[in-house]
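Structure (structure tokens):
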């Protein structure tokens, strides 16, 4: 792809998300989401592989459906209440429809079935954009809906954490595992979104850092399924030593950074009198922990059957840029002691 075309598409991607962030009008927010979708379509289909084209088609149809439902609900709300403002009190019926449309855009369960199939057809770089940047605009709209449908959000959040953990258990394709992981992590954010928007923002920032570190690690290892990770120890020992820590941070284990948002979310849910919900969410996190540990075990404790012992691989100096991965890995592993400062910062 031409650098000029790539720059234009990335600029449009940023413009769409920024427009949705800045808009207080449903129509402008919808336009921002459409620009966002149209900008990423060429990036998804750039290598012209049949699986990439199939994934792009699925993604386009799902996002177009969600955008149409969102526009319909915004119009219905304007008809019932006489105003288009996002932050004004809305009618309960359009609020429910908008919440479901945004859940479809985000890939929250039970509207998640497109996510693993789309991720499987994409490269890791495009998958990273899809798992991080493309989630920001719908999440921003979900946070601004007033009054939120409390029961629906809690149901979507719990279902996402459960299915996001359950769906990844029998997967061997890393991109599908990351897709289910994304669904599970989004479930945690949706659970607390109506009670503490600042905490949701903190969870999003930690999620972006940990997910980006995981995707860049797999890209550097050139791995697309679990079996390919078994020879990583011979190619990049330092990377293999670091990866388990990144994955355990994504799972939310202390003392890694990923523990911070889950700890605070469980605390907030308990404060709101939702101790059973917090307990269920904590139990579903164990399902996700299983497949993160499975990847860790494959990378560090198994040996590829065809690898001759005692034969070192031919090592050349890597030409890949590793500074972003190094910075993200440090942020993913070591920021838990800064929890009070992080909470104060996002609450400003």
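Numbering (the working numbering), first residue to last: 918 to 1265.
Glycine residues also receive a C-beta, built at the ideal position from the N, C-alpha and C atoms.
Check: Just to confirm my understanding: we take residue 1089, look at its own chain, exclude 5 residues before and 5 after, and list those with CB closer than 8 Å. What are they?; Outcome: 1142, 1143 and 1144
Check: Taking Cβ positions, are residue 1163 and residue 1246 nearer each other than 8 Å?; Outcome: yes
Check: The alpha helix (DSSP H) with residue 1155 in it runs from where to where?; Outcome: 1154-1168
Check: Helix, strand or coil for residue 1142, going by three-state DSSP, please let me know.; Outcome: strand
Check: Cutting at 7 Å between CB atoms, please list the residues of its own chain near residue 1187, excluding the five before and the five after it.; Outcome: 1195
Check: In chain order, which alpha helix (DSSP H) runs of at least 4 residues are fully inside the region 966-992?; Outcome: none
Check: With a CB to CB cut of under 8 Å and the five nearest residues on each side skipped, what residues in its chain are close to residue 1028?; Outcome: 1017, 1020 and 1021
Check: Counting along the chain, where does the alpha helix (DSSP H) carrying residue 961 start and finish?; Outcome: 943-961
Check: Give the straight-line distance between the Cα atoms of residue 983 and residue 1025, rounded to the nearest whole angstrom.; Outcome: 12 Å
Check: Between the C-alpha atoms of residue 1052 and residue 1200, what's the straight-line distance to the nearest angstrom?; Outcome: 25 Å
Check: According to DSSP, what are the bridge partners of residue 1002?; Outcome: 942
Check: Jot down the residue ranges of each uninterrupted alpha helix (DSSP H) in the region 1089-1127, minimum 4 residues, whole runs only, in chain order.; Outcome: 1091-1110
Check: For residue 1172, is the classification buried or exposed, using 16 other Cβ atoms within 10 angstroms of its Cβ as the cut-off for buried?; Outcome: exposed
Check: Which same chain residues, not among the five before or five after residue 1211, have their C-beta less than 8 Å away from its C-beta?; Outcome: 1143
Check: With burial defined as no fewer than 16 other Cβ atoms inside 10 Å of the residue's Cβ, what is the status of residue 1106: buried or exposed?; Outcome: buried
Check: In terms of residues, what are the limits of the alpha helix (DSSP H) holding residue 1042?; Outcome: 1041-1048
Check: Does any C-beta atom of chain C lie closer than 8 Å to the C-beta of residue 1144?; Outcome: Of the protein chains in this structure there is only one, and it is not chain C.
Check: How many Å lie between residue 1265 and residue 1114 at the Cα?; Outcome: 11 Å
Check: How big is the Cα-Cα spacing for residue 923 and residue 1197?; Outcome: 43 Å
Check: Buried or exposed for residue 973, please, with buried defined as at least 16 other CB atoms from any protein chain shown within 10 angstroms of its CB.; Outcome: buried
Check: Using a threshold of 8 Å, state whether the C-beta atoms of residue 1035 and residue 1014 are closer than that.; Outcome: no
Check: Here's the rule I'm using: 16 or more other beta-carbon atoms within 10 Å means buried, otherwise exposed. How should residue 1124 be labelled?; Outcome: buried
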